[in-house]
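Heads up, my numbering is the position in the sequence shown plus 626, with the first residue counted as 1.
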Amino acid sequence: TSKVRLGEHDKSKEVDCIDVSDGEKQCADPPIEVDVESTVVHSEYNKPIRLRHDIALIRLAQEVAFSDSIKPICLPIGEDVRSKILPEYILTGWGRTKAGLSDILWEEVLKHVPVSECQQKLKDIRHIINISEEFQMCAGGENLVYSCGGDSGSPSGGDRGSRRRSIRTIRHSICWCKLLWATKLPKYLHSCI
């Protein structure tokens, strides 16, 4: 049975704690694992072009109680948010670092890269992939080399006040040219709303 782990920050610790003052610690609730009831992969995944429609829905086998360390991420439902191109994106994950896969959840800010520029950089390194501006987007940054591998499926998005919105899901990154491309989540919300 597949499981989803929620409320995790540091995979090397049973409980995540921080020192607050005078030796006192503040600890989060332990992470929980929830069984996956079902997964629905997009019916046109990899059709007609490789890596197109790379999105799926996962239904958990039980309801999840939200806490300080388990919170929902907002989906961009409003048209003003769905069509917006952000200048930068926040990527989170436990991806590869200089020392291997990270135990600690990290966050990185990446700059928006026009699809045409991204496509040209991929062509320059002979990486044959046809990125669709309609269904995908690109981002990049100097530190992207540290977010390579292990981050597929991670959310990227932007903050709106105190709420974070998931705008994209990460699919692939090309570490040596510091690029990643992702599925545009808003493109697929029409069938969910």
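Just so you know, even glycine gets a beta-carbon here, dropped at the ideal spot from N, CA and C.
Problem - Residues near residue 739 by beta carbon distance below 7 Å, same chain, minus five either side - result: As a position in the sequence shown, residue 739 is number 113, starting the count at 1. Hits under 7 Å: 764, 765, 766, 805.
Exercise for the section: Please report how far the alpha carbon of residue 759 lies from the alpha carbon of residue 732, in whole angstroms. Expected result: Reading the sequence shown from its first residue, position 133 is the one you call residue 759. Reading the sequence shown from its first residue, position 106 is the one you call residue 732. Each residue's Cα considered, the two are about 28 Å apart.
Problem - Rounded separation between residue 685 and residue 665 - CA only - result: Mapped onto the sequence shown, residue 685 falls at position 59. Mapped onto the sequence shown, residue 665 falls at position 39. Between residue 685 and residue 665, the C-alpha separation is close to 6 Å.
Handout entry: Cut-off 6 Å between Cβ atoms - residues of its own chain near residue 681, not counting five sequence neighbours on either side
Key = Mapped onto the sequence shown, residue 681 falls at position 55. Closer than 6 Å at the Cβ level, and outside the excluded window around residue 681, lie 668, 809, 814.
Handout entry: DSSP state of residue 786 mapped onto helix, strand, coil
Key = The residue given as residue 786 occupies position 160 in the sequence shown. Per-residue confidence for residue 786 stands at a pLDDT of 48, beneath the threshold of 50, marking its modelled position as unreliable; no derived number is given.
Practice task
Can you tell me which of the three DSSP states residue 727 falls into?
Solution key: Along the sequence shown, read from residue 1 onward, the residue named residue 727 stands at position 101. Note: residue 727 maps to strand in three-state DSSP.
Problem - Residues bridged to residue 829 [DSSP beta-bridge criterion] - result: Since the first residue shown for the chain is 627 and the last is 819, residue 829 is missing from the structure and cannot be characterised.
Exercise for the section: Mark residue 683 as exposed unless 16 or more other C-beta atoms lie within 10 angstroms of its C-beta, in which case mark it buried. Expected result: Here residue 683 refers to the residue found at position 57 of the sequence shown. Residue 683 comes out exposed.
Handout entry: Own chain, CB closer than 7 Å to residue 646, minus 5 neighbours either side, in chain order
Key = Here residue 646 refers to the residue found at position 20 when the sequence shown is read from its first residue. The residues are 652.
Problem - Straight-line gap, residue 717 to residue 700 (C-alpha atoms, nearest Å) - result: Locating residue 717 in the sequence shown gives position 91, where the first residue counts as 1. Locating residue 700 in the sequence shown gives position 74, where the first residue counts as 1. Approximately 15 Å between the Cα atoms of the pair.
Exercise for the section: Determine the burial state of residue 812: buried for a count of at least 16 other Cβ atoms within 10 Å of its Cβ, exposed for fewer. Expected result: Here residue 812 corresponds to residue number 186 of the sequence shown, with the count starting at 1. Classification of residue 812: buried, given that the 10 Å Cβ count is 16 or more.
Handout entry: Alpha carbon of residue 687 to alpha carbon of residue 658, nearest angstrom
Key = Taking the sequence shown and counting its residues from 1, the one referred to as residue 687 is at position 61. Taking the sequence shown and counting its residues from 1, the one referred to as residue 658 is at position 32. Straight-line Cα distance between these residues: approximately 13 Å.
Exercise for the section: Check whether the Cβ atoms of residue 660 and residue 690 lie closer than 8 Å to each other. Expected result: On the sequence shown, residue 660 is found 34 positions in, with the first residue counted as 1. On the sequence shown, residue 690 is found 64 positions in, with the first residue counted as 1. Cβ distance < 8 Å, so residue 660 and residue 690 count as in contact.
Practice task
For residue 753, count neighbouring Cβ atoms within 10 angstroms of its own Cβ and tell me buried if that reaches 16, exposed if not.
Solution key: Working through the sequence shown from its first residue, we reach residue 753 at position 127. Exposed is the call here.
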